[in-house]
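For the record, the sequence lines run as chains W and Z.
Numbered by our numbering, the letters in the first sequence go through residues 1 to 246 in order.
Numbered by our numbering, the letters in the second sequence go through residues 247 to 380 in order.
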Amino acid sequence: MRELPQFGLIWVYLAASPLLGLTLTLCAYVVAYWIYSRCKFSPLANPVAIAIALVSTVLLLSGMPYSEYFAGAQFVHFLLGPATVALAIPLARQLPRLRKSFLPLACGLLAGSTTAIVSAVVLTILLGGSPQLAFSIGPKSATTPIAMGVAEKLGGLPALTAVLVISTGIFGAVAARFLFNRMRIDSPEVRGFALGVTSHGIGTARAFQVNQEMGAFAGLGMGLNGVLTAFLAPWLIPVFVGLLAR
Amino acid sequence: MLASFATLLVFQCLGEGITFALKLPIPGPVVGMLLLFFTLVAYPPLLDRIEATGSELLRHLSLLFVPAGVGIVAAAGQVRGHWLTIILAVAVSTLLTLAVTAAVTRAVMDWQNRQNRQNQHGDSGKKDGEGDHA
Numbered sequence: 001m002r003e004l005p006q007f008g009l010i011w012v013y014l015a016a017s018p019l020l021g022l023t024l025t026l027c028a029y030v031v032a033y034w035i036y037s038r039c040k041f042s043p044l045a046n047p048v049a050i051a052i053a054l055v056s057t058v059l060l061l062s063g064m065p066y067s068e069y070f071a072g073a074q075f076v077h078f079l080l081g082p083a084t085v086a087l088a089i090p091l092a093r094q095l096p097r098l099r100k101s102f103l104p105l106a107c108g109l110l111a112g113s114t115t116a117i118v119s120a121v122v123l124t125i126l127l128g129g130s131p132q133l134a135f136s137i138g139p140k141s142a143t144t145p146i147a148m149g150v151a152e153k154l155g156g157l158p159a160l161t162a163v164l165v166i167s168t169g170i171f172g173a174v175a176a177r178f179l180f181n182r183m184r185i186d187s188p189e190v191r192g193f194a195l196g197v198t199s200h201g202i203g204t205a206r207a208f209q210v211n212q213e214m215g216a217f218a219g220l221g222m223g224l225n226g227v228l229t230a231f232l233a234p235w236l237i238p239v240f241v242g243l244l245a246r
Numbered sequence: 247m248l249a250s251f252a253t254l255l256v257f258q259c260l261g262e263g264i265t266f267a268l269k270l271p272i273p274g275p276v277v278g279m280l281l282l283f284f285t286l287v288a289y290p291p292l293l294d295r296i297e298a299t300g301s302e303l304l305r306h307l308s309l310l311f312v313p314a315g316v317g318i319v320a321a322a323g324q325v326r327g328h329w330l331t332i333i334l335a336v337a338v339s340t341l342l343t344l345a346v347t348a349a350v351t352r353a354v355m356d357w358q359n360r361q362n363r364q365n366q367h368g369d370s371g372k373k374d375g376e377g378d379h380a
């Protein structure tokens, strides 16, 4: 019992600097990745989901506010920018195959992007959600910064959108293998592309863990759907919300 | 390694600058990605130089989503009582999107392959007995 106040003091001291948030994020990810590898890289043991659960548990138990955690974790968060730019590299590598599949990819993208936006909005309203919730959920298949920007412009809750985007990413990355196997889709191009369009960066991360080719097409799907959602969602979402919410 | 990372950052800066100047609704890094892509296509030697660093960064892409995902702790209060709606809408819509994208992409790919085969030989030798069910 004598040690406890001491430990509490050290925690308070450390929590005040960005170091703790950063350390927590990296350690949680190392543990999550270890679990993922022990599960033979099964999609069910998604490392993003496990790491988020670990960090959230620590925050809830210690009472550390999210803003304080993020002061440290933002250094990791920042790397999303250069990593997005780096997606051009596998894309350029796959250029010849990309040229060959231009028409199928364009058709799949248009169908998938529209499905993602319309189905999310329609389901939310039909299940009794508010228009504000529909605005927040509509752009969920786009990569986090795009989705948050769209939600903000429409009057949704950007912080909620970030969580919904990541949930979509994790759920898609977990479910894709089972769904595609059931649909008998074997081509890594099609599997990767659909995963990238639906589950943006998290789907792309999962695809890269399967193989480089699937990753490259997932990165392409993610980039294209991000751009398309930025254009489609701002007018598609209000139309359907207006139609359904009386 | 440092030079490659600097290259990525330069392209991100260009992307951010362009989105800001033209008031585009797209985030800067996505514009940066498109710019780098066209640069790599125009000047392939750059690809070999930055590929190692880029692949290393992409190998740990999952890690980079953890900080934003932990935001669920902060967002939980905003949607009390709507969890079931949210979970159902996200799950069903995600499955639909995966299925529709994959089915449409494959259907057009199969159609394209059939066209190509018919153009090459007068008659197609093989038949692929795959049905498209979403």
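All C-beta atoms, glycine included, are put in the ideal place defined by N, C-alpha and C.
Once you ignore the five residues that flank residue i on each side, which residues in its own chain have a CB closer than 6 Å to its CB?
i              : result
G371 (chain Z) : The predicted position of G371 (chain Z) is uncertain, since its pLDDT is 45 and thus under 50; a value taken from the coordinates is nonetheless stated next. Here the set comprises nothing.
L14 (chain W)  : L20
V210 (chain W) : none
T124 (chain W) : L133, A134, I137
A176 (chain W) : L195
A245 (chain W) : I125, P131
For residue i, is the classification buried or exposed, using 16 other Cβ atoms within 10 angstroms of its Cβ as the cut-off for buried?
i              : result
E376 (chain Z) : Bear in mind that the predicted position of E376 (chain Z) carries a pLDDT of just 45, short of 50, making it unreliable; the figure below should be weighed with that in mind. The residue in question, E376 (chain Z), is exposed, as its Cβ has fewer than 16 Cβ neighbours within 10 Å.
N225 (chain W) : buried
I10 (chain W)  : exposed
R363 (chain Z) : exposed
D378 (chain Z) : Because the pLDDT at D378 (chain Z) is just 45, under 50, the model does not fix this residue reliably, and the value given afterwards should be weighed accordingly. That one is exposed.
I237 (chain W) : buried
D369 (chain Z) : Per-residue confidence for D369 (chain Z) stands at a pLDDT of 49, beneath the threshold of 50, marking its modelled position as unreliable; the derived number appears in the next sentence. Its Cβ having fewer than 16 others within 10 Å, D369 (chain Z) is exposed.
L268 (chain Z) : exposed
Considering only the alpha carbon of each residue, which of the options lies closest to residue i?
i              : options                        : result
T198 (chain W) : Z:R352, Z:S339, Z:I264         : Z:S339
Q132 (chain W) : W:P158, W:G112, W:T115         : W:P158
P96 (chain W)  : W:E213, W:G242, W:I166         : W:E213
H77 (chain W)  : Z:A335, Z:E302, Z:W329, Z:L307 : Z:L307
A314 (chain Z) : W:L79, W:L61, W:S62            : W:L79
L309 (chain Z) : W:I202, W:G242, W:A207         : W:I202
T114 (chain W) : Z:V350, Z:Q358, Z:H367         : Z:V350
G149 (chain W) : Z:D356, Z:I272, Z:V354         : Z:I272
S301 (chain Z) : W:A147, W:A88, W:E189          : W:A88
L341 (chain Z) : W:Y29, W:L179, W:G81           : W:L179
V48 (chain W)  : W:G63, W:M64, W:A28            : W:A28
What does a CB cutoff of less than 7 Å around residue i pick up in its chain, not counting 5 residues either side in sequence?
i              : result
V174 (chain W) : P43, L44, N46
V58 (chain W)  : L24
So residue i and residue j are supposed to be a Cβ contact under 8 Å. How far apart are they, rounded?
i              : j              : result
S187 (chain W) : T168 (chain W) : About 23 Å separates the two Cβ atoms, so there is no contact after all.
A111 (chain W) : V346 (chain Z) : 5 Å
A116 (chain W) : T343 (chain Z) : 4 Å
V55 (chain W)  : V325 (chain Z) : With 8 Å as the limit, V55 (chain W) and V325 (chain Z) do not qualify as a contact, their Cβ atoms being about 20 Å apart.
R360 (chain Z) : V190 (chain W) : Wrong, their Cβ atoms sit about 16 Å apart, outside the cutoff.
Give the interface partners of residue i over in chain W, defined as CB-CB distance under 7 Å, in chain order.
i              : result
G300 (chain Z) : A86, I89
I296 (chain Z) : I89
A288 (chain Z) : In chain order: nothing, as chain W lies at least about 10 Å away.
Under 7 Å Cβ-Cβ, which residues of chain Z neighbour residue i?
i              : result
P248 (chain W) : Not covered by the structure: residue 248 (chain W). The range shown for chain W is 1 to 246.
A205 (chain W) : L307, S308
S101 (chain W) : M355
K249 (chain W) : A question about residue 249 (chain W) goes unanswered here, because the residues of chain W that appear run from 1 up to 246.
I185 (chain W) : A348, R352
Name the chain W residues that come within less than 9 Å of residue i, Cβ to Cβ?
i              : result
G278 (chain Z) : G81, P82, T84, V85, A88
Quick one: which chain Z residues come within Cβ less than 9 Å of residue i?
i              : result
R191 (chain W) : A348
List the residues of chain W that residue i touches, going by C-beta distances under 8 Å, in chain order.
i              : result
L293 (chain Z) : I89, A92, R93
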